[in-house]
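Novice:
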Amino acid sequence: MNITPFDPADVHSLRDALDTLVTTGGSPGGVLVCGTADGERHTIGAGVVAPECGDTPPTSDTVYDAASLTKVIATWPLIGRAAEAGLIELDAPVREFLPPFTSVTSGEAPGGGATLRQLLAHTSGLRAETRLDRYRGNPLSLAELLCREPLEEPPGRHRYLNRGFILLGLALAHVHGRPLHELAADLWADANMTATTYGPIARAVHVAPTEQRLTAAPRIWGAVHDDNAALMGGVAGHAGVFTTTGDLATYAEHLLDPADPLGLAAWFEAGRTPQVSIEPGIDRGLAWLLADDAQAVYHHGWTGTSLFLAPATGRYLAICTNAVYHGRPSTRVAPLRALARKALIA
Numbered sequence: 104m105n106i107t108p109f110d111p112a113d114v115h116s117l118r119d120a121l122d123t124l125v126t127t128g129g130s131p132g133g134v135l136v137c138g139t140a141d142g143e144r145h146t147i148g149a150g151v152v153a154p155e156c157g158d159t160p161p162t163s164d165t166v167y168d169a170a171s172l173t174k175v176i177a178t179w180p181l182i183g184r185a186a187e188a189g190l191i192e193l194d195a196p197v198r199e200f201l202p203p204f205t206s207v208t209s210g211e212a213p214g215g216g217a218t219l220r221q222l223l224a225h226t227s228g229l230r231a232e233t234r235l236d237r238y239r240g241n242p243l244s245l246a247e248l249l250c251r252e253p254l255e256e257p258p259g260r261h262r263y264l265n266r267g268f269i270l271l272g273l274a275l276a277h278v279h280g281r282p283l284h285e286l287a288a289d290l291w292a293d294a295n296m297t298a299t300t301y302g303p304i305a306r307a308v309h310v311a312p313t314e315q316r317l318t319a320a321p322r323i324w325g326a327v328h329d330d331n332a333a334l335m336g337g338v339a340g341h342a343g344v345f346t347t348t349g350d351l352a353t354y355a356e357h358l359l360d361p362a363d364p365l366g367l368a369a370w371f372e373a374g375r376t377p378q379v380s381i382e383p384g385i386d387r388g389l390a391w392l393l394a395d396d397a398q399a400v401y402h403h404g405w406t407g408t409s410l411f412l413a414p415a416t417g418r419y420l421a422i423c424t425n426a427v428y429h430g431r432p433s434t435r436v437a438p439l440r441a442l443a444r445k446a447l448i449a
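Last residue of the sequence shown: 449 in my numbering, with the numbers rising by one and none dropped.
1. For P321 and P312, what's the separation of their Cα atoms in angstroms?
2. Compute the beta-carbon to beta-carbon distance between L283 and V338, rounded to the nearest angstrom, for a pair I have assumed lies under 8 angstroms.
3. Look up G148 in the DSSP assignment and give the residues it is bridged to.
4. From G142 to E356, what distance separates their C-alpha atoms?
5. Leaving out five residues before and five after S409 in sequence, what residues of the same chain have Cβ atoms less than 6 angstroms from its Cβ?
6. What would DSSP say about E382, mapped onto helix, strand or coil?
7. From which residue to which residue does the beta strand (DSSP E) around F200 run?
8. Candidates G259, S227, L447 and G129: which alpha carbon is nearest T424's?
9. Please report the distance separating the alpha-carbon of S380 from that of L420.
10. Would you say T299 and T348 are within 9 angstroms of each other, going by their C-beta atoms?
11. Once the 5 residues before and after Y104 are set aside, which same chain residues still bring their CB inside 6 angstroms of it?
12. When the Cα atoms are used, what is the spatial distance from Y238 to S244?
13. Which residues does DSSP list as the beta-bridge partners of Y238?
14. What are the partner residues of G404, as DSSP defines its beta bridges?
15. Looking at the structure shown, is G121 part of a helix, part of a strand, or coil, going by DSSP?
16. Would you list the residues sitting across from F345 in a DSSP beta bridge?
17. Below 8 angstroms, how does it come out for the segment 364 to 371 and the segment 178 to 190: are there three or more Cβ pairs, yes or no?
18. Considering only the alpha carbon of each residue, which of A446, R444 and T406 lies closest to R431?
19. Using a 10 Å radius around the Cβ and a threshold of 16 neighbouring Cβ atoms, would you call Y263 buried or exposed?
20. Specify, as a first and last residue, the run of the alpha helix (DSSP H) that R220 falls within.
21. Nearest-angstrom Cα distance between V310 and G157?
22. Are the CB atoms of L219 and V344 within a distance shorter than 9 angstroms?
Take a look at the structure:
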């Protein structure tokens, strides 16, 4: 690794892009931290946390719903720990790490044959749409219900979906005999990510609200935005985590440090091995997206969050916004993300 600080001109451009996101109504506010593995950090904020929070500006300590960043800051590292401990095997069917099914044959639960590697790489062939509300009142376990649905296609092709990471979260809880949120809390404590947690969390001016789903109804604030994670009590393998850009920066420094005592850097190296091509120049590793021959490794969250890393230069860039505050979709943050990826490998 040849640690290379961000070009000041790129930092200025990122500041302008974040300002534009806010001034054009894309998000009430947001925070961006760009830094390097040796501890150098630049924090950029814009706007306010939300109108409900008065004129409170967002900072590196403002707590945001991480959405699908949950996949790479909770489930993915915990899978790495479990694999290292010999509790799981990446190329074994997920059914082996879940509570026993009532199904007599594997044909009755075809999703159970997907391997952990396929689930991590989004190549399992499982049904993309996930509607846990359809399972209300069903006596079967959630894991079995998910696995009993027919595959959409044979395993192998990339298709991003949440149910694979829901299954991974359920598998982690089963093999450890402990709830997912407790496993994650231990990981984050070891990594000194002091503000990162599964929700729900108390409403406060340093906690960014998200969407108001119904007119005159309370805005989602301190509770998970994702519907399926909400049905799981806020704790799921695909969503449910709340975090700060400060904690994401700390996490990135662990991932980029070859001497990381937690073993996260070694697992990150494995995670950025391409598993499947998505489109020219973009591959999927184990959970992570890989661009430009894995010069950029990153993941996004639906609420308006992102984490980018450049292993060769030791750079990282964390973005937290509540871009879903004004309703779906959250594509308003796309220009900022595109610029972030460009600046990362400039």
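For every residue, glycine included, the Cβ atom is placed at its ideal position computed from N, Cα and C.
Specialist: In terms of the structure at hand:
1. Taking the first residue of the sequence shown as position 1, residue 321 is located at position 218. Taking the first residue of the sequence shown as position 1, residue 312 is located at position 209. Computed Cα separation, rounded: 10 angstroms.
2. Position 180 of the sequence shown, counted from the start, is the residue given in the question as residue 283. Position 235 of the sequence shown, counted from the start, is the residue given in the question as residue 338. So it is a contact: roughly 5 angstroms between Cβ atoms.
3. Here the question's residue 148 lines up with position 45 in the sequence shown. Beta-bridge pairing links G148 to V134.
4. Working through the sequence shown from its first residue, we reach residue 142 at position 39. Working through the sequence shown from its first residue, we reach residue 356 at position 253. If you take the alpha carbons of G142 and E356, they lie about 7 angstroms apart.
5. Counting from 1 along the sequence shown, the entry for residue 409 is found at position 306. Taken in chain order, the residues that qualify are H403, I422 and R440.
6. If you number the sequence shown from 1, residue 382 lands on position 279. For E382, the three-state secondary structure derived from DSSP is strand.
7. Counted from its first residue, the sequence shown places residue 200 at position 97. Where F200 is concerned, there is no enclosing beta strand (DSSP E), given that its DSSP letter is neither H nor E.
8. Taking the first residue of the sequence shown as position 1, residue 424 is located at position 321. Residue G129 is the option with its Cα nearest to T424.
9. The count along the sequence shown starts at 1 and reaches residue 380 at position 277. The count along the sequence shown starts at 1 and reaches residue 420 at position 317. S380 and L420 have their alpha carbons spaced roughly 24 angstroms apart.
10. Position 196 of the sequence shown, counted from the first residue, corresponds to residue 299. Position 245 of the sequence shown, counted from the first residue, corresponds to residue 348. Their beta carbons are not under 9 angstroms apart, which means T299 does not touch T348 by this criterion.
11. Counting from 1 along the sequence shown, the entry for residue 104 is found at position 1. The sequence shown places Met at residue 104, not Tyr. Around M104: G417.
12. Reading the sequence shown from its first residue, position 135 is the one you call residue 238. Reading the sequence shown from its first residue, position 141 is the one you call residue 244. Each residue's Cα considered, the two are about 10 angstroms apart.
13. Along the sequence shown, read from residue 1 onward, the residue named residue 238 stands at position 135. None; Y238 has no bridge partner.
14. Your numbering for residue 404 matches position 301 in the sequence shown. DSSP lists T408 as the bridge partner or partners of G404.
15. Translated into the one-based positions of the sequence shown, residue 121 becomes position 18. It is Leu, not Gly, that sits at residue 121 in the sequence shown. L121 falls in the helix class under three-state DSSP.
16. The sequence position of residue 345 within the sequence shown is 242, counting from 1. Within the DSSP bridge table, the entry for F345 names D168 and T300 as partners.
17. Cβ pair count under 8 angstroms is three or more, so yes.
18. Taking the first residue of the sequence shown as position 1, residue 431 is located at position 328. Measuring from the Cα of R431, the nearest candidate turns out to be T406.
19. Along the sequence shown, one-based indexing puts residue 263 at 160. Under this definition Y263 is an exposed residue.
20. Residue 220 sits at position 117 when you count from the first residue of the sequence shown. Per DSSP, R220 belongs to the alpha helix (DSSP H) from L219 to A224.
21. Reading the sequence shown from its first residue, position 207 is the one you call residue 310. Reading the sequence shown from its first residue, position 54 is the one you call residue 157. Straight-line Cα distance between these residues: approximately 12 angstroms.
22. On the sequence shown, position 241 is the one that residue 344 refers to. On the sequence shown, position 116 is the one that residue 219 refers to. No. Outside cutoff.
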